[in-house]
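What follows is a single structure, written as C-alpha cells, with notes after it.
Numbering (UniProt numbering), first residue to last: 1 to 692.
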C-alpha cells in the first residue's frame, strides 16, 4: 500500500503539467507564426493547435490561434476546416480591428468551394464592413473585396473546386435488427450450450457480403500515441480539433463531440496521464465512469431469474438503455480464476491504483453520493473490485479499433503503402458473443468508432458465426495460434485449420524449400527455425512432406541460402544509401539464385522479391517492377485467398505501379481496368460500397 501511494503521489505531482499555461501557449503561437511565414504549413498547423490545447479557457490567445490556424488551413486547401476555425475565432471574441481578415477569407473559401449563395452573402458583409476597417488597411481591403466581386461575377469560375464527396451512409442490417439481441441481424440468434457457451448461429441462409452486426461501443478509449491526433470521442483524425477547456490532454473533432465526451472526461480531465498509463485498465475504469456507481451496483446485485446471462427482464440483450448495455458488459466472461497468479496480481494492483486516483482526484464520488443506496459502498476496495472484474473481462473481450492509414514507401518511390493501425480499444457486447475460429466467416471494419461486421462467405442456416480473436490461419502457424489462444483466452482451438492435416502443408510452405529428392515441400523439424544461412549451426532436420524423407540441409542448400542472404543484405544497404542501380543488381541475383531452393511462398524469399520490386520502382523501371509484383500477387492470393483484404491491398499497390508503367506502354490500360474492377469487388465484399 505504501508503494502504491508513493507511486500515486509521484503521478499527482505531474498533474500540473497537464493543465493550461498562457506562457507555453504564447510560445506555441509565436512558433506557429514563424512557420507560417516560411510556408511550413504542417509545422504551423501543429503549433497553432498546440497553442489552443495550452491556452486557458478565458485566454485572449484562443481567438487569435483559431484565426491563424484558419489561415494555415486555407493555404493548405482545407477550406471547410478553415471556415470552421473562422467561426470559432469569432465565437471566442476575435478582435473587431482584425475582423476584415476573416471576412475576406471566408468569402474566398465559399467561392473556391463553389457555394455561390454563401459567397454572395459573405461579400455583402465584406462591403458593409468597409467603414470599420482602419485607414492603413483600407486600400488593401478594398482591392481584395473588388477582386472577390469580379470572381463571383464570372460564372465560368464560380465552381472553382469540385467538392462532391461520397457521404457515409449508416449500413442497414441484413433482414433488419434482431428484437432480442440488439445491433445484430434478425437472421442470427443467440444460443447457449455446455460445449460452446453463449454463441451466435444463423437461422436463415446468409450470403457473403451481408451486414450482420452494426454496433457502437459501450465504452472506448483512444491509445496514448493518438491522443494529439484523433478525436477522443469518435476517433476521427482531427486536422482542426477543439481542445478540452480545462486540460491539455484531450482533443475533439468538433464541439458536439466535446460535449458528448463530458460524460466521462469530466472525471478523467487532469488525470488522463495516470489512467492511460496502465493500458486496458483505463477502459475498465471508463466502463464504470460511463455507467455510474449506482447502476453498477444495481446490475451486480440483480437476480438472473432463469434468464440467459446479460438478458434483462424485458427479454433484450444489450438494448439501447444504459442498464441493458451495462448488464451485457457485466456478464461477459472474466476468466479471472484461470489467469496466472502474476496476472491476477497485476490486475489487482492496476485496479487499486486507478480506483484510488478516481476517488482522490475526481468528482465521481460526489456526483454519485446522492443516488447511492446505503449498501452501495464507494471506497477503494469496492471500486477496485469492480475495476478488476472489468480488466479480466476486457483482456478477453475488448476489440482493437483500427483505421487504414497511408504512408509513402520511402526513398524515391511513388507508390503509397497502406496499413491497418490499431488506434483504440473498445467493448462491443453484442459482437463479443461470437466464438473464435482461426478461419472466421466474418470480417470487422470500423467507421470512426462504429463496428460494422460483414460475412465473407455464404453461411447456411444453423451454421455458427465465428470471429477471429487475433490468431488467423493465414498469418500464424498452428502451434503459435494454439499457444496464443490458450494464454489469453484459456481454450484449445478445434477449428478446421487447427485439426485438419492439409493446413499444415500450407503453413510449412511459408518457410519451405524445394526437396532436392522429389521437388516437394521441405519443412524444418527443430525448435528454432533457422534464418538465412544459419543451417550449419542449427540442430534439426528437414522433413519432406511429399516423399517423407528426413534429411540434414545439403551443402548446396546452405551455400545458396548464404549467398542469397548476403546479396539481400547488400541490396538493402545500397538501396538505403541511394545507389538504386547497384541495389537492383544485387537483388536480381538474389532472386535468380534463390529460386533454385526457396519455395515461391517462402516469406523470406517473398521479402527479397518485394524489395526488388521497390528498387525497380525507385529506379523508374515500372515495367520490371510490375513483373516482380505479379509474382508476389500469385503468392498472396495462394496464401490469403482470392477475395481476401490482404490481396486487395497488394492489388492497390500494383494498380499504382501499373498506372505509372502505362505512361510508356498503352497496352497496360486493359490490365489496369481489370485490376481496379477486382479491387472494387474485394473491398466492396469486405467493407461495403463506401470502402474508399
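The beta-carbon is built from N, C-alpha and C at its ideal position, and this holds for glycine as well.
No experiment lies behind these values; they were computed from the predicted model shown.
query                                                                                                                                                                            : result
Given residue 355, which residues of its chain have a CB within under 6 Å of its CB, disregarding the five upstream and five downstream residues?                                : 380, 383, 384, 387
Assign residue 434 to one of two classes, buried (16 or more other C-beta atoms within 10 Å of its C-beta) or exposed (fewer than that).                                         : buried
Give me the Cα-Cα distance between residue 294 and residue 13, rounded to the nearest whole angstrom.                                                                            : 31 Å
Report the option in 353, 440, 430, 318 whose CA atom is closest to the CA atom of residue 6.                                                                                    : 353
Drop a sphere of 10 angstroms on the beta-carbon of residue 184, count the other beta-carbons inside from all chains shown, and report buried for 16 or more, exposed for fewer. : buried
Please return the same chain residues whose Cβ sits closer than 7 Å to the Cβ of residue 8, not counting the five positions on each side in sequence.                            : 353, 356, 357
Mind checking whether the beta-carbon of residue 335 lies closer than 7 Å to any heavy atom of the ligand NAD?                                                                   : Looking at this structure, you won't find the ligand NAD or any other ligand, since it has none at all.
Tell me whether residue 138 sits in a helix, a strand or coil according to DSSP, three-state version.                                                                            : helix
May I ask you to verify whether the stretch 420 to 431 touches the stretch 278 to 291, counting CB pairs closer than 8 Å and requiring at least 3?                               : yes
Around the C-beta of residue 547, are 16 or more other C-beta atoms found within 10 angstroms, so that it is buried, or is it exposed?                                           : exposed
Which of helix, strand or coil does DSSP assign to residue 235?                                                                                                                  : coil
State yes or no: is the C-beta of residue 456 within less than 8 Å of the C-beta of residue 208?                                                                                 : yes
Indicate the three-state DSSP secondary structure (helix, strand or coil) for residue 172 in the structure shown.                                                                : coil
Spatial neighbours of residue 16 within its chain, please: C-beta separation below 7 Å, excluding the five flanking residues on both sides.                                      : none
Give the secondary structure of residue 200 by DSSP, where H, G and I count as helix, E and B as strand, and everything else as coil.                                            : strand
Between the beta-carbon of residue 231 and the beta-carbon of residue 247, is there less than 8 Å?                                                                               : no
Nearest-angstrom Cα distance between residue 76 and residue 377?                                                                                                                 : 55 Å
Based on DSSP bridge pairs, tell me the residues matched to residue 606.                                                                                                         : Bridge partners of residue 606: none, in fact.
Report the three-state DSSP secondary structure of residue 351 (helix, strand or coil).                                                                                          : helix
Between residue 206 and the rest of its own chain, which residues show a CB-CB distance below 6 Å, the 5 nearest in sequence each way excluded?                                  : 187, 455, 459
I'd like to know whether the C-beta atoms of residue 622 and residue 431 end up nearer to each other than 8 Å.                                                                   : no
Taking buried to mean at least 16 other C-beta atoms within 10 Å of its own C-beta, is residue 97 buried or exposed?                                                             : exposed
In angstroms with no decimal places, state the Cα-to-Cα distance between residue 370 and residue 243.                                                                            : 31 Å
Taking the alpha-carbon of residue 176 as reference, which of 191, 210, 33 has the nearest alpha-carbon?                                                                         : 210
Roughly how many angstroms separate the alpha carbons of residue 418 and residue 373, rounded to a whole number?                                                                 : 53 Å
Roughly how many angstroms separate the alpha carbons of residue 398 and residue 488, rounded to a whole number?                                                                 : 12 Å
Can you tell me whether DSSP reads residue 223 as helix, strand or coil?                                                                                                         : coil
Can you tell me which of the three DSSP states residue 593 falls into?                                                                                                           : helix
With DSSP as the reference, label residue 264 as helix, strand or coil.                                                                                                          : helix
Jot down the residue ranges of each uninterrupted alpha helix (DSSP H) in the stretch 365 to 444, minimum 4 residues, whole runs only, in chain order.                           : 380 to 397
In terms of residues, what are the limits of the alpha helix (DSSP H) holding residue 293?                                                                                       : 293 to 300
Which of helix, strand or coil does DSSP assign to residue 304?                                                                                                                  : coil
Are the CB atoms of residue 601 and residue 526 within a distance shorter than 8 Å?                                                                                              : no
Specify, as a first and last residue, the run of the beta strand (DSSP E) that residue 543 falls within.                                                                         : 541 to 544
Of all the options 310, 279, 441, 241, which has the alpha carbon lying nearest to the alpha carbon of residue 395?                                                              : 279
Measure from the alpha carbon of residue 392 to the alpha carbon of each residue in 423, 341, 404, then state which is nearest.                                                  : 341
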